[in-house]
Amino acid sequence: MATNSVDLKSELTSANSIVTEDTALTEKPSTVKCQYYLPQKKRMCRMLAIHNAQFCGLHLALSGGDINLDYKRIPCPLDPKHTVYPANLDKHILKCNARPKPHPIYYVDGVNSGLTGTVPCPEDTCNLAAFPEDYILKLIHRVEIAYESFVKSINDCYITHLSMKAELTDSKNGETARKHLLQQASIIGYIHKTLTCYTDVTFIEFGAGRGKLSHWVQRSLPESAVNPEFIVVDRAACRYKYDSYHKSDGPIFHRLFIDIEHLYLSKVDGITPERSIVGYCKHLCGAATDLALSCLMNTLSAPKRPIIVMATCCHHQCTWPAYVGRKFFEMQLKFNSIDFHAISLLSSWKVCGMKQDSNSEILNCDPSLLSLRDLPAPYKEDIGYKCKRLIDMGRVWWLRENGMNTDILAYVPQNVTVENIVIIATPNI
448 MATNSVDLKS ELTSANSIVT EDTALTEKPS TVKCQYYLPQ KKRMCRMLAI
498 HNAQFCGLHL ALSGGDINLD YKRIPCPLDP KHTVYPANLD KHILKCNARP
548 KPHPIYYVDG VNSGLTGTVP CPEDTCNLAA FPEDYILKLI HRVEIAYESF
598 VKSINDCYIT HLSMKAELTD SKNGETARKH LLQQASIIGY IHKTLTCYTD
648 VTFIEFGAGR GKLSHWVQRS LPESAVNPEF IVVDRAACRY KYDSYHKSDG
698 PIFHRLFIDI EHLYLSKVDG ITPERSIVGY CKHLCGAATD LALSCLMNTL
748 SAPKRPIIVM ATCCHHQCTW PAYVGRKFFE MQLKFNSIDF HAISLLSSWK
798 VCGMKQDSNS EILNCDPSLL SLRDLPAPYK EDIGYKCKRL IDMGRVWWLR
848 ENGMNTDILA YVPQNVTVEN IVIIATPNI
């Protein structure tokens with residue numbers, strides 16, 4: 448009986464090994480990885496290759512080889528960044544994430560766009576290298592004169608808020624996280640400095656991303672705050688949003704997935720003339736800052752004006768049609784749209800991280816005596832800074848022309864962020 452048991456066990460073991468080997472042979476093709484190289488990611492595709500092929504379904508069409516009709520894919524007509532099987536096209540279009548969606552009631556096409564219907568000339572869109580060198584050198588001289596006449600200096604005023612003390616002293620936060628917290632703490636400090644009443648206030652964050660700044664603003668509200676509301680605006684979806692922290696204990700964050708260019712605030716549910724509005728952002732890039740300013744100043748119902756606290760950045764992304772300070776540039780600085788575009792490009796010299804050369808000690812140089820290549824790095828950074836401030840000063844001038852008390856300050860040191868300027872505006876009552 449024992450012998451028969453041993454024989455039966457050995458037969459079962461042998462059978463199992465045969466089954467395993469056969470299974471491995473049949474499954475081997477499905478474990479072959481796609482052989483397409485992804486240049487942007489600098490690695491091979493990690494998807495499984497199609498049976499008896501070297502590539503996955505997505506990259507089979509890009510390989511250049513003969514394609515079995517069963518595996519042929521075509522670009523999606525709604526978004527050519529992805530592909531679809533022709534037989535599934537009709538079904539795919541009905542559920543594709545790129546399909547046109549009905550616009551919400553607060554969508555008004557181009558309401559904050561500024562100049563519309565203009566056709567830019569090549570000089571309004573070209574890169575810096577396309578401009579003649581003598582033009583850029585003369586423009587730099589004009590920038591320095593304009594800066595001395597209209598800006599001169601920006602006051603440093605670093606403040607914080609008591610509600611951020613625990614986070615700022617938390618050893619778990621690394622250096623990068625702490626720099627962001629310092630900026631958020633200062634912006635929150637200015638929001639509270641400008642607010643005189645915490646009843647029926649709507650807080651609107653532009654370019655909110657995950658909504659972390661609004662999260663800390665909500666945490667900083669005093670217990671006396673009555674009926675506050677939060678609206679976070681961003682045109683793109685993102686993961687790990689801070690909205691979820693406020694679903695239970697409130698106030699709930701209302702997220703608007705919309706480009707600021709088309710946002711009409713008065714049509715947003717809950718925004719009424721009786722409520723106070725605070726609009727704020729941390730590093731809203733380029734033209735988006737101008738769109739947000741136009742949105743706050745032009746699409747809210749009278750009589751109340753908003754409180755504005757906006758940290759600016761990425762001035763090289765500003766555009767003449769969207770820029771609110773066009774009148775300031777034309778009438779006060781005597782710059783045209785081409786000059787503005789060149790100045791916006793020169794502003795990148797402040798943040799592009801140029802190497803310090805052997806002439807780096809030369810700060811007070813005459814650009815007319817040098818070529819662009821010979822300009823020392825510190826001097827170019829200084830010119831970039833002045834270009835940024837002229838663009839910001841146009842925004843300040845526009846807000847003042849629209850009846851706002853406006854200031855421009857350095858809200859954190861430059862070792863925290865080189866984009867350390869905030870524009871603060873309150874209604875001129």
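The end of the sequence shown is residue 876 by the working numbering, with every number in the run present.
C-beta atoms are modelled at their ideal positions from N, C-alpha and C, and glycine is treated no differently.
Small disclaimer: the values here were computed from a predicted structure and weren't measured.
query	result
Looking only at its own chain, which residues have a Cβ that is under 7 Å from the Cβ of residue 809, when we skip the five neighbours before and after it?	Unreliable positioning characterises residue 809 in this predicted model, as indicated by a pLDDT of 49, which lies under 50. The coordinate reading is nonetheless provided below. Only 823, 826 meet the Cβ criterion.
Let me check one thing: in DSSP terms, what residues is residue 728 bridge-paired to?	757
May I have the straight-line CA-CA distance separating residue 469 from residue 617, to the nearest angstrom?	Legend: pLDDT at residue 469 = 40, less than 50; position of this residue unreliable, value from coordinates given subsequently. Approximately 58 Å, taken between the alpha carbons.
For the segment 687-727, which segments carrying the beta strand (DSSP E) assignment without a break, of at least 3 residues, lie completely within its bounds, in sequence order?	700-704
Using only alpha-carbon positions, find the residue among 682, 650, 774, 786 that is nearest to residue 719.	650
Less than 6 Å between C-beta atoms, sequence neighbours within five positions excluded: which residues of the same chain meet that for residue 701?	678
Identify which residue in 695, 688, 764, 855 has its Cα closest to the Cα of residue 755.	855
In the DSSP assignment, find the unbroken alpha helix (DSSP H) run with residue 597 in it and report its ends.	580-597
Let's test the definition: count the other Cβ atoms within 10 Å of the Cβ of residue 546 and tell me whether it reaches 16, buried, or not, exposed.	exposed
Hey, residue 760 and residue 734 are a contact pair by Cβ (cut 8 Å); roughly how many whole angstroms apart?	12 Å between Cβ atoms; not a contact.
Give the single residue among 784, 771, 770, 832 whose Cα lies nearest to the Cα of residue 793.	832
Return the residue from the list 858, 871, 860, 865 that minimises the CA-CA distance to residue 847.	871
On the CB-based measure, 16 or more other CB atoms within 10 Å of its CB, does residue 821 come out buried or exposed?	exposed
When you compare the CB positions of residue 663 and residue 630, do they come within less than 7 Å of one another, or not?	no
Among 779, 580, 758, 706, which residue has its Cα nearest to the Cα of residue 636?	758
Label residue 683 either buried or exposed according to how many other C-beta atoms from any shown protein chain fall within 10 Å of its C-beta, with 16 as the threshold for buried.	exposed
For the pair the segment 689-699 and the segment 603-619, tell me if three or more CB-CB distances fall below 8 Å.	no
Identify whether residue 468 lies in helix, strand or coil by the three-state DSSP scheme.	Legend: pLDDT at residue 468 = 40, less than 50; position of this residue unreliable, value from coordinates given subsequently. Reduced to three states, the DSSP call for residue 468 is helix.
When you compare the CB positions of residue 747 and residue 713, do they come within less than 7 Å of one another, or not?	yes
Out of 585, 675, 796, point me to the one whose CA is closest to residue 911's CA.	Absent from the model: residue 911. The displayed extent of the chain is 448 to 876, so no value can be given.
For the putative contact between residue 762 and residue 570, defined by C-beta atoms under 8 Å, what is the C-beta separation to the nearest angstrom?	Actually they do not touch by this definition, with Cβ atoms about 18 Å apart.
Rounded to whole angstroms, what's the CA-CA distance from residue 555 to residue 768? Just pull it up for me.	17 Å
On the DSSP bridge list, what partners appear for residue 566?	In the DSSP output, where bridge partners are listed per residue, residue 566 has none listed.
Using DSSP with H/G/I as helix, E/B as strand and the rest coil, what is residue 825?	helix
Assuming residue 479 and residue 505 make a contact with CB atoms under 8 Å, what is their CB distance in whole Å?	Actually they are not in contact, since the Cβ atoms of residue 479 and residue 505 sit about 15 Å apart, beyond 8 Å.
Three-state secondary structure (DSSP) at residue 871?	strand
With a threshold of 7 Å on Cβ separation, who are the neighbours of residue 549 within its own chain once the five nearest residues in sequence on each side are excluded?	none
Measure the CB-CB distance between residue 925 and residue 790 and report whether it falls below 7 Å.	The question about residue 925 has no answer, for the chain in this structure spans 448 to 876.
Going by CA-CA distance only, name the one from 647, 694, 695, 697 that's closest to residue 673.	647
How far does the beta strand (DSSP E) with residue 635 in it extend, from its first residue to its last?	Not the beta strand (DSSP E): residue 635 falls in the alpha helix (DSSP H), residues 622-641.
Restricting to Cα atoms, I'd like to know which of 836, 842, 858 is closest to residue 600.	836
For residue 725 and residue 638, I'd like the C-alpha separation in whole angstroms.	8 Å
I believe residue 741 touches residue 564 by the beta-carbon criterion, under 8 Å. Please report the beta-carbon distance rounded to the nearest angstrom.	The Cβ separation is near 16 Å, so there is no contact.
Can you tell me whether residue 612 is helix, strand or coil according to DSSP?	helix
Is residue 839 buried or exposed, if buried means 16 or more other CB atoms sit within 10 Å of its CB?	buried
Which class does residue 494 belong to by DSSP, given the choice of helix, strand or coil?	coil
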